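Encoded as structure tokens, the structure appears first; notes follow it.
2 protein chains.
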Amino acid sequence: MVKTIDGGVNAAKGYTCASIRAGIKESSTKEDMALLMSEVPATVAGTFTRNLVKAAPVQWDSDIVYRVKQGRAVVINTGIANAVTGAPGLESCKKTAEKLSNLTGIPAEQIFTASTGVIGPQLPMDKILSGTEAMLPKLSDTREAAHAAAIAIMTTDTKPKEIAVEFSLGGKTCRMGAMCKGSGMIHPNMGTMLGFILTDAAVEYELMLKTLREVVEETFNMVSVDGDTSTNDTVLLMANGLAGNELLAEEGADLNEFKEALHTVAEFLATHIAADGEGATRLFTAHVVGAPDVETAKVLAKSVITSNLTKAAIFGRDANWGRIFCAMGYSGANFDPNKTDIRISSAAGEIKLVENGLATDFSEEKALEILSPDAITATCDIKSGSCEATAWGCDLTYDYVTINADYRS
Amino acid sequence: MVKTIDGGVNAAKGYTCASIRAGIKESSTKEDMALLMSEVPATVAGTFTRNLVKAAPVQWDSDIVYRVKQGRAVVINTGIANAVTGAPGLESCKKTAEKLSNLTGIPAEQIFTASTGVIGPQLPMDKILSGTEAMLPKLSDTREAAHAAAIAIMTTDTKPKEIAVEFSLGGKTCRMGAMCKGSGMIHPNMGTMLGFILTDAAVEYELMLKTLREVVEETFNMVSVDGDTSTNDTVLLMANGLAGNELLAEEGADLNEFKEALHTVAEFLATHIAADGEGATRLFTAHVVGAPDVETAKVLAKSVITSNLTKAAIFGRDANWGRIFCAMGYSGANFDPNKTDIRISSAAGEIKLVENGLATDFSEEKALEILSPDAITATCDIKSGSCEATAWGCDLTYDYVTINADYRS
């Protein structure tokens, strides 16, 4: 049984974290670096952006995930993405890891780096290195430290995103703590910008990587804020085994429990990224049911939440179901428009807008009421099977334009 | 030699047009219907939306293009798209054609219909039929009538889009007149919302259809306003042969001339749709060169002009080349980021932002100056061949959100 508990990224046994203001973006006064640390080497899995243009930390981290397979620490910075920075950019990752390695004795190849911010500039290495050193004595297992770290990794996010869960493997109580940042350039073809999930369970590498990929596919990869896939998307999962469970290495009830825990954490973070998308005022969920296969359901659901016209209508609380239908039509997925039903629902109720491909005689007044709360779901039933999928997005607002018209300044 | 002349949709021999306010959208006082007429049956070609959800007029018109292959008239309305209207919607197209057929003796199956506006509602057939009848006595070959028709088919367009050209086939002077409407829900996977191109040249059906498809692929299909492919996209090309040229039925110099005329007209309309995209303040052109094949160049160019983040940066006159690079990276096309150059140019000059995958030391001041005029081009050189492609889009602005947050009211 997976239970959500009060906690953040350092909730599981043997993990600490710290954060600091290194002053990477001079105009900002908030903390801009965070450090995550495991007391012992952890098995690591990760998923990374499929953008052909991969930021330096993505290249650095994927080498650890696929070759080293063990990690102890993560150094995170905001302000500059260290993307499209060529060989000097990769060198910056190496220098950061080596600095922490010199200070702690942890092998440099067990130290991840993660960056988010503007594409192009090189990292100010003096600030990164002194920031890294300054965080070491601050490492802590407190709730406050986790919360501060979740805030430190935010860019245009308006709220920190963190969660912790408790679950049980072979009679041992395990924990999983996580944080992430999202906001803009969110249309992961992998996961979101930066997500860190730390557990004290003991899990075999291949099984953990496979499970992470499956969960990411159903959660982070079903979120879109603006259709732009970042160069830095990274989700890291570390498992240090300090909960003392017998190594989880095969399918069965324990794996199901672990997967459920991971799914709970990932879905929470993914939906909160969508709800806190740049400029967003509403979480907009598309739920496609009655599909002949999951892939069809996914393609339809993602097309609906990605449509600028639909997103603008959600912002305007306009029951413009034609745009939802239109987005399904151009998605590339095959379905019969004449069998399709569309309903919208929220805390204020549910209403059917389309039945068998034709508009119902719905009440605009009632529709406006249902479209007013801050979480709206469109359910599209294509009545051709029993598969389903859910995708999460947000509305398109004036603030999205404001935030992105001059992000660099 | 193709020459642009002053003229609109009725510029070629034997074509007349008319427009009227039928009152389809009661809140609007502008004209909302237009009628195009050829004196004699014309050979017709057309391209239509690839959205699985096809509006009734798309179904009606494609039957004429693919089965009948001849047309005499087009009845156009704005306000209601007659999309997702089922059997009654198709019946409305038939009734409209039959009405005009009864009044004129033209076979109903030679009468196109075209609609644009809100998806869902049925057409108010009393208004459509009386509007159609009332336009007949107004049919005219004057410049004013063409201009009025181009205005009548506008929805959220801020400017009418019309052009005429003169060209020569086998020593005979031919003309081609055209108009279109664009604005929102523009990401044609075929052509734009509604485009009408009328020529007095005599062209064989199959050759004309093939040529139209090729030209649409390079023009209308390279435009995106918001990534949403409409249910109603239609481009119709009519050729009534009244210029008296010998039937154009094979490859050669005459076909090249005809294709150049069509390309001139289609590119003019396509770029004007982009520049007049909903809420747009700037035409944004992406020109990809040095590609190993045209498809790669097209995919990259379209990805750049479709990126919300890039579009918002163009609105903000922000030389955020990282977003252009990022959009190239997630496009799905293969290229070497480390060989890529990116330049931006406008009437105010040109500046190189990226060279071999790394930022140049460009002047922000100079970049701001170049980003200030109302037409901006990004040129991306991937240095892997000699193929190229151009795509046209626009910036993402507050007004796009305003227009689309409550379009139906």
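Chains as they are written, first to last, in my numbering: chain A, -4 to 404; chain B, -4 to 404. For every residue, glycine included, the Cβ atom is placed at its ideal position computed from N, Cα and C. If you're wondering where the values come from, they're calculated on a predicted model, not measured in any experiment.
Straight-line gap, residue i to residue j (C-alpha atoms, nearest Å)
{"i": "Phe330 of chain B", "j": "Ala129 of chain A", "result": "41 Å"}
{"i": "Gly388 of chain A", "j": "Ala286 of chain A", "result": "20 Å"}
{"i": "Leu95 of chain B", "j": "Leu237 of chain B", "result": "23 Å"}
{"i": "Leu363 of chain B", "j": "Leu30 of chain B", "result": "45 Å"}
{"i": "Ile398 of chain A", "j": "Tyr393 of chain B", "result": "11 Å"}
{"i": "Phe43 of chain B", "j": "Ala50 of chain B", "result": "10 Å"}
{"i": "Ala197 of chain A", "j": "Glu241 of chain A", "result": "7 Å"}
{"i": "Lys167 of chain A", "j": "Asp195 of chain A", "result": "11 Å"}
{"i": "Gly177 of chain B", "j": "Leu189 of chain B", "result": "7 Å"}
{"i": "Asn315 of chain A", "j": "Phe215 of chain B", "result": "26 Å"}
{"i": "Met32 of chain A", "j": "Met323 of chain B", "result": "35 Å"}
{"i": "Asp288 of chain B", "j": "Asn97 of chain A", "result": "49 Å"}
{"i": "Thr80 of chain A", "j": "Leu118 of chain A", "result": "9 Å"}
{"i": "Lys25 of chain A", "j": "Ile15 of chain A", "result": "8 Å"}
{"i": "Leu348 of chain B", "j": "Ser225 of chain A", "result": "20 Å"}
{"i": "Val230 of chain B", "j": "Val210 of chain B", "result": "11 Å"}
{"i": "Thr111 of chain B", "j": "Phe191 of chain B", "result": "14 Å"}
{"i": "Ala159 of chain A", "j": "Met171 of chain A", "result": "6 Å"}
{"i": "Val283 of chain A", "j": "Asn227 of chain B", "result": "24 Å"}
{"i": "Cys88 of chain B", "j": "Ser57 of chain B", "result": "12 Å"}
{"i": "Ser332 of chain A", "j": "Thr108 of chain B", "result": "It is worth fixing the name first, because residue 332 of chain A is Pro in this sequence and not Ser. For Pro332 of chain A and Thr108 of chain B, the distance between alpha carbons rounds to 22 Å."}
{"i": "Gln105 of chain A", "j": "Val69 of chain A", "result": "9 Å"}
{"i": "Leu47 of chain B", "j": "Glu255 of chain A", "result": "36 Å"}
{"i": "Asn351 of chain B", "j": "Gly115 of chain A", "result": "13 Å"}
{"i": "Met203 of chain A", "j": "Glu161 of chain A", "result": "17 Å"}
{"i": "Glu141 of chain A", "j": "Cys12 of chain A", "result": "For the record, residue 141 of chain A in the displayed sequence is Ala; it is not Glu. Ala141 of chain A and Cys12 of chain A: Cα-Cα distance of roughly 6 Å."}
Helix, strand or coil at residue i according to DSSP, with G and I counted as helix
{"i": "Tyr325 of chain B", "result": "coil"}
{"i": "Val230 of chain A", "result": "strand"}
{"i": "Glu199 of chain A", "result": "coil"}
{"i": "Met120 of chain B", "result": "helix"}
{"i": "Thr73 of chain A", "result": "strand"}
{"i": "Ala29 of chain B", "result": "strand"}
{"i": "His136 of chain A", "result": "The amino acid at residue 136 of chain A is misidentified as His; the sequence shows Asp. In the structure shown, Asp136 of chain A sits in coil (DSSP, three-state: anything other than H, G, I, E or B)."}
{"i": "Pro183 of chain A", "result": "Unreliable positioning characterises Pro183 of chain A in this predicted model, as indicated by a pLDDT of 47, which lies under 50. The coordinate reading is nonetheless provided below. In the structure shown, Pro183 of chain A sits in coil (DSSP, three-state: anything other than H, G, I, E or B)."}
{"i": "Lys90 of chain A", "result": "helix"}
{"i": "Val(-3) of chain B", "result": "coil"}
{"i": "Met149 of chain B", "result": "coil"}
{"i": "Ala244 of chain B", "result": "coil"}
{"i": "Leu278 of chain A", "result": "strand"}
{"i": "Leu353 of chain B", "result": "strand"}
{"i": "Lys154 of chain A", "result": "coil"}
{"i": "Leu348 of chain B", "result": "strand"}
Exposure label - residue i; buried when at least 16 CB within 10 Å
{"i": "Gly66 of chain B", "result": "buried"}
{"i": "Met(-4) of chain B", "result": "exposed"}
{"i": "Val35 of chain B", "result": "exposed"}
{"i": "Gly311 of chain B", "result": "buried"}
{"i": "Val63 of chain B", "result": "exposed"}
{"i": "Asp369 of chain A", "result": "exposed"}
{"i": "Asp121 of chain A", "result": "exposed"}
{"i": "Thr(-1) of chain A", "result": "exposed"}
{"i": "Glu273 of chain B", "result": "buried"}
{"i": "Ser326 of chain B", "result": "buried"}
{"i": "Met185 of chain A", "result": "Annotation note: pLDDT 38 at Met185 of chain A (below 50); position unreliable, coordinate value reported separately. Its Cβ being crowded by 16 or more others within 10 Å, Met185 of chain A is buried."}
{"i": "Gly344 of chain B", "result": "exposed"}
{"i": "Gly100 of chain A", "result": "exposed"}
8 Å Cβ cutoff, residue i in contact with chain E
{"i": "Phe320 of chain A", "result": "Looking for chain E here will not work: the only protein chains present are A and B."}
- request: Please list the residues of the region 340 to 372 of chain B that have a C-beta atom closer than 7 Å to any C-beta atom in chain A, keeping them in chain order.
  value: Listed in sequence order: Gly352, Leu353, Ala354.
message: Using 8 Å as the cut-off, can you tell me whether the region 316 to 328 of chain A makes contact with the region 337 to 355 of chain A, which would need three or more C-beta pairs spanning the two stretches below that distance?
response: Verdict: yes, contact present.
- prompt: Three or more C-beta pairs closer than 8 Å, one from the region 271 to 284 of chain A and one from the region 344 to 360 of chain A: is that the case here?
  reply: A contact between stretches requires three or more CB pairs, one per stretch, nearer than 8 Å, and the region 271 to 284 of chain A fails this requirement with the region 344 to 360 of chain A.
query: Name the residues in the region 101 to 118 of chain B whose C-beta lies less than 8 Å from a C-beta of chain A; which are they?
result: Flagged, chain order: Val113, Ile114, Gly115, Pro116.
Sufficient close CB pairs (3 or more, under 8 Å) joining the region 258 to 267 of chain A to the region 84 to 91 of chain A: Short answer: they don't touch.
query: If you pair each beta-carbon of the region 3 to 11 of chain A with each one of the region 153 to 168 of chain A, do three or more pairs fall below 8 Å?
result: With a cut-off of 8 Å, the region 153 to 168 of chain A and the region 3 to 11 of chain A count as touching, because enough Cβ pairs lie within range.
message: I'd like to know if the region 245 to 262 of chain B and the region 133 to 146 of chain B are in contact, where contact means that at least 3 CB-CB pairs between them fall below 8 Å.
response: Counting Cβ pairs under 8 Å, fewer than three are found: no touch.
- prompt: Is the region 291 to 300 of chain B in contact with the region 370 to 380 of chain B, if contact means three or more CB pairs nearer than 8 Å?
  reply: Contact holds between the region 291 to 300 of chain B and the region 370 to 380 of chain B, because three or more Cβ pairs, one in each stretch, are under 8 Å apart.
- prompt: When Cβ atoms are compared, which residues of the region 267 to 286 of chain B fall closer than 7 Å to chain A?
  reply: Per Cβ criterion, the list is empty.
task: Can you give me, in chain order, the residues of the region 127 to 158 of chain A that have a beta carbon less than 8 Å from any beta carbon in chain B?
output: Look at the region 127 to 158 of chain A: it has no residue with a C-beta under 8 Å from a C-beta of chain B.
query: When you check each C-beta in the region 47 to 71 of chain A against every C-beta of chain B, which residues fall closer than 9 Å?
result: For the region 47 to 71 of chain A, the residues whose beta carbon sits under 9 Å from a beta carbon of chain B are, in order, Leu47, Val48, Lys49.
task: Determine which residues of the region 377 to 394 of chain B have a Cβ less than 7 Å from any Cβ of chain A, and write them out in chain order.
output: Under the 7 Å Cβ criterion, the region 377 to 394 of chain B contributes Leu391, Thr392, Tyr393.
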